[in-house]
Amino acid sequence: MREQHTVSSTATTAVARRVHELCQRAGDLPFHGWHHVSFVRDKGARFAAANGADVSVVATAALVHDLNYLVRRNSPAAAGRTLRLDILAEAGVTADTARWVDEIVVEAEMATRHRHISLEAQALSDADTLFKALPVTPVMLAHRYLSENGVSLRELATKIVGEQRGVHDAGFYFYSREAAAAYSHWASANLELWQCVVEALDDPSVNELLAAI
Ligand SMILES: [Fe+2]
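For the sequence shown, the positions run 715 to 927 when my numbering is used.
Here you go:
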């Protein structure tokens, strides 16, 4: 029974300490660094408390959900699996629970998530998706994503529209009804902005402008 697999607060604290340490050692990732991880942990725990998911498991999954970016830039969540399982084991999380945490992280990934993922993955996804949809993210953080992952503005804009338009239009951009009610207009504005970026990049004058800065 998965319900029996929880993570002790001691283990969660040990995971947090280790992930924070790794972020600092890496010079903190510009986009997926500790500021992102701690935001997703805090919001994920709140979404978990609201939807009945295991709060300790969601908070732990949030702490290790983006370790792949420490392993390889511009990589999928699965690329962080070995490091993720090692950190969880060192913190005293049982092997069964660690595997479950890893499954949740992969389930919640934007590129592949679907309507019927687990409650834990829903809580993690909503927190991670909220970070993407924050109005401050394209203004203050998008350029950091480009430098962290070595991608062009066109690649990022195409990725965002390609991955997010479908889930948005299908009605599960957010799984939590409260999150959808509070943040859907941010998500719509964000997607509209990135669609406009894709269109703008078809204008040769815009490309000249970008090349000149
Ligand atoms: Fe994330």
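A virtual CB, placed ideally from N, CA and C, is assigned to each residue, including glycine.
Inset, instruction - Express the C-alpha separation of residue 743 and residue 866 in angstroms, rounding to a whole number. - result: Rounded to the nearest angstrom, the two C-alpha atoms are 17 Å apart.
Inset, instruction - Keeping to the same chain, check which residues put their C-beta closer than 8 Å to that of residue 860; ignore five residues upstream and five downstream. - result: Excluding positions up to five away in sequence, the list reads 866, 867 and 870.
Legend entry - residue 746 beta carbon near ligand 1 (any heavy atom closer than 7 Å): Yes, the beta carbon of residue 746 sits closer than 7 Å to at least one heavy atom of ligand 1.
Inset, instruction - With a cut-off of 8 Å on the beta carbons, I'd call residue 842 and residue 779 a contact; round off their distance for me. - result: About 7 Å; that satisfies the 8 Å criterion.
Inset, instruction - Confirm the yes/no value for this check: CB of residue 938, any heavy atom of ligand 1, distance under 7 Å. - result: No answer is possible for residue 938: the residues shown for the chain start at 715 and end at 927.
Inset, instruction - Using beta-carbon positions only, say whether residue 785 and residue 719 come within less than 8 Å of one another. - result: The Cβ-Cβ distance between residue 785 and residue 719 does not fall below 8 Å.
Inset, instruction - Count the other CB atoms, across all protein chains shown, that sit within 10 Å of the CB of residue 801; report buried if there are 16 or more and exposed otherwise. - result: Buried, since its Cβ has 16 or more Cβ neighbours within 10 Å.
Legend entry - Environment of residue 882 [buried if 16+ CB atoms lie within 10 Å]: It counts as buried.
Legend entry - Outcome for residue 929 when other beta-carbon atoms lying within 10 angstroms are tallied against a minimum of 16: Limits of the chain in this structure are 715 at one end and 927 at the other, which puts residue 929 out of reach.
Legend entry - Helix, strand or coil at residue 732 [DSSP, three-state]: Taken through DSSP and simplified to helix, strand or coil, residue 732 comes out as helix.
Legend entry - Cα-Cα separation between residue 893 and residue 925, rounded to whole angstroms: Approximately 38 Å between the Cα atoms of the pair.
Inset, instruction - Counting only the same chain and skipping the five closest in sequence on each side, list residues whose C-beta sits under 7 Å from that of residue 897. - result: Contacts found: 844, 847 and 888.
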